[in-house]
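K.L.:
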Ligand SMILES: [Zn+2]
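Residue numbers (the working numbering): 8 to 176.
Here it is as structure tokens:
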């Protein structure tokens, strides 16, 4: 997704040590994700940034709700999402390493943008299957699904009828 300007942290002016940032995500963020599963949502994001020498360690913590369609009844529901992700930025300009959580920045970089990592953190902590809490699915859909899903015993009368047909043939 496109980096959002409010998630940019200019780190050159920061002293070495720990810094904390807060971001509030709303519907604008979730619709800008380009994730067709997201209908909207809201979340608090806390970033603990540790700066030292040529390293920035960002611990992203997300706590919120994403509006998505229920996998069972296909109507909107609020999926809670909560969790952390660590992201390390190295100011060396070296080649990217194989480690996912390590990103190399150009030596003259002065800011990082966290939009992508915040989105990743949300995605990472969303369950694959999301359904309404028990009993809260759309009752009409549930009823319709129950009717479809109940296995039908073949009506014994049909068996009889088939027998008769065979004999008659
Ligand atoms: Zn449901």
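For each residue, glycine too, the CB sits at the ideal point set by N, CA and C.
Can you list, in chain order, the residues of its chain whose CB lies under 6 Å from that of residue 19, leaving out five sequence neighbours each side?
P.N.:
Here residue 19 corresponds to residue number 12 of the chain shown, with the count starting at 1. If we look at residue 19 and ignore the five residues flanking it on each side, its Cβ neighbours are 117.
K.L.:
With hydrogens ignored, establish whether the beta-carbon of residue 145 is closer than 7 Å to any heavy atom of ligand 1.
P.N.:
Counted from its first residue, the chain shown places residue 145 at position 138. Yes, since a heavy atom of ligand 1 falls inside the 7 Å radius drawn around the Cβ of residue 145.
K.L.:
Can you say whether residue 8 is buried or exposed, counting buried as having 16 or more other CB atoms within 10 angstroms of its CB?
P.N.:
By 1-based counting over the chain shown, the position of residue 8 is 1. Residue 8 is exposed by the Cβ-count criterion.
K.L.:
Could you spell out where the beta strand (DSSP E) holding residue 10 opens and where it closes?
P.N.:
Taking the first residue of the chain shown as 1, we reach residue 10 at position 3. Taken as a continuous stretch (DSSP letters only), residue 10 belongs to no beta strand (DSSP E), as it is neither H nor E.
K.L.:
Roughly how many whole angstroms lie between the Cα atoms of residue 56 and residue 127?
P.N.:
For this step, residue 56 is matched to residue 49 along the chain shown. For this step, residue 127 is matched to residue 120 along the chain shown. The straight-line gap from Cα to Cα measures roughly 17 Å.
K.L.:
Expressed to the nearest angstrom, what Euclidean distance is found between the alpha-carbon atoms of residue 221 and residue 129?
P.N.:
Only positions 8 to 176 of the chain appear in the structure, and residue 221 is not among them; the question remains open.
K.L.:
Under 7 Å: does the beta carbon of residue 138 sit that close to some heavy atom of ligand 1?
P.N.:
By one-based count along the chain shown, residue 138 stands at place 131. Yes, Cβ of residue 138 sits closer than 7 Å to a heavy atom of ligand 1.
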